[in-house]
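Before any comments, here is the structure.
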Ligand code: SF4
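Residue numbers (my numbering): 50 to 456.
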């Protein structure tokens, strides 16, 4: 039976208190020696998809959305202490340089304090690994450091996500595949891709940071105090518990349901051995994710989809949710054009979202707005919408991502 332990922690724990809490949570499911032995290679994999302290102006959604570095220190130290060779590794957002991301967390210092080493997984190559009954992929390219580790210690953050509703243990493993493979997931089907990946990369130990979670839809600042650490020996079973704490039905989370169908873990809480603090005592409802297409319709805008990834649709949905559909009442006729081969609409103010729409933007005589990133950020998309409404005429940092019409 899979085991998941919940341990309450102090509101503002210091380094030693976090170490003690991580250790105590892992002890509740057997202790570090149950997961690795002296001489084993242990990959500690946080959710460092973005640089630390990246808090965009006028945006709440990207703030505080990465694993607390002290959790990484604690996990690395715990396995170094039992004689393992510990690597701290991550493959962040495709367009970010891994070294810069690591530097923002002081990863080298964390490594020296814990006896670990930092690895740029993107540089160490990958292998094609066969999935076990994968429904979308027969094989997936996985970075060598993940394939070769005797144990992966998965360190996700409890948070909502505009593409997958929640993102925790299973989705954090997307950081073990190279950038081109991540893009393939987004183009062909993120939920099934994550599920298929779960048959290939199986973190033996999952330690979820839920001291302060991240609720991307929360209108205050995105932080959500939950006040616990969760340790589990199976990523899907741990995610099922996480989902319930966040007030979601685990079976409603698509990538969890698909992974369950592939037999990688449990979704029914009755079949998981729950240890420590009861779920009800840390139950913290997160905001429910709005539907992109419905939001666009409610706002009276048009959405033209070509061959589009979930990232572009997600950026649009998130921007629309933050602005609110009522904001567009009486405004210009706006059309959102996204994905390869999407064509602009006549007599509309066309906003081209994502690098794939460059050709359409050019062929439209550069009329309209072009959010040129791949994937585009929620902030750039929101600023383009605000500009279309005449509410944001000024140029600032984010306008680097938005090209204005030449006429
Ligand atoms: S621009 Fe959007 S649709 Fe095109 S590859 Fe990037 S994320 Fe996918």
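Glycine is no exception: its CB is placed at the ideal position from the N, C-alpha and C atoms. As the structure is a computational prediction, the values presented were derived from the model and not from experiment.
| Query | Result |
| --- | --- |
| Simplified DSSP assignment, three categories, for residue 287 | helix |
| Residue 366 CB to nearest heavy atom of ligand 1 below 8 Å | no |
| Pairwise C-alpha distance: residue 150 and residue 373 | 32 Å |
| Closest Cα partner of residue 219 within the set 90, 313, 322 | 313 |
| CB contact below 9 Å: residue 181 versus chain B | In the structure shown, chain B does not exist; there is a single protein chain. |
| Residue 346, buried or exposed, once every other Cβ within 10 Å from all chains shown has been counted against 16 | exposed |
| Contact test: residue 409 Cβ vs ligand 1 heavy atom, cutoff 8 Å | no |
| Beta-bridge partners of residue 114, as assigned by DSSP | Partner(s): none; residue 114 has no beta bridge. |
| Environment of residue 117 [buried if 16+ CB atoms lie within 10 Å] | buried |
| Endpoints, alpha helix (DSSP H) assigned at residue 359 | 359-372 |
| Bridge-paired residues (DSSP) for residue 177 | 190 |
| Contact test: residue 285 Cβ vs ligand 1 heavy atom, cutoff 8 Å | no |
| Heavy atom of ligand 1 within 8 Å of residue 378 beta-carbon | no |
| Own chain partners of residue 198 with C-beta closer than 8 Å, once the 5 adjacent residues on each side are dropped | 90, 91, 92, 136 |
| Close-in-space but distant-in-sequence residues of the same chain around residue 62 (CB under 6 Å, 5 per side omitted) | none |
| Any non-hydrogen atom of ligand 1 closer than 8 Å to residue 426 Cβ | no |
| Local Cβ density within 10 Å of residue 241, reported as buried at 16 or more and exposed below that | buried |
| Reference residue 123, options 146, 156, 100, closest by Cα | 156 |
| Cα-Cα separation between residue 178 and residue 335, rounded to whole angstroms | 35 Å |
| Closest by C-alpha distance to residue 420, when choosing among 365, 378, 414 | 365 |
| Coil, strand or helix - residue 127 by DSSP | helix |
| Residue 296 beta carbon less than 9 Å from that of residue 253 | no |
| Beta-carbon spacing of residue 100, residue 145 below 9 Å | yes |
| Where the beta strand (DSSP E) containing residue 139 begins and where it ends | 134-139 |
| Check whether residue 356 and residue 389 have beta carbons under 9 Å apart | yes |
| Cβ neighbours of residue 133 in the same chain (closer than 6 Å, five flanking residues each side left out) | 85, 89, 91 |
| Contact check, residue 290 vs residue 318, beta carbons under 9 Å | yes |
| Sequence-distant residues of its chain with Cβ nearer than 6 Å to residue 258 (five each side left out) | 116, 117, 120, 206 |
| Residue 295 (DSSP reduced to helix, strand or coil) | coil |
| Endpoints, alpha helix (DSSP H) assigned at residue 346 | 341-347 |
| Cutoff 6 Å; reference residue 158; Cβ partners in own chain excluding five residues on either side | none |
| Alpha helix (DSSP H) segment containing residue 331, residue limits | 328-331 |
| Close Cβ partners of residue 234 (< 6 Å) along its chain, the five nearest in sequence each way excluded | 242 |
| Simplified DSSP assignment, three categories, for residue 301 | helix |
| Cβ-based neighbour list, residue 306, same chain, cut-off 6 Å, excluding 5 preceding and 5 following | 300 |
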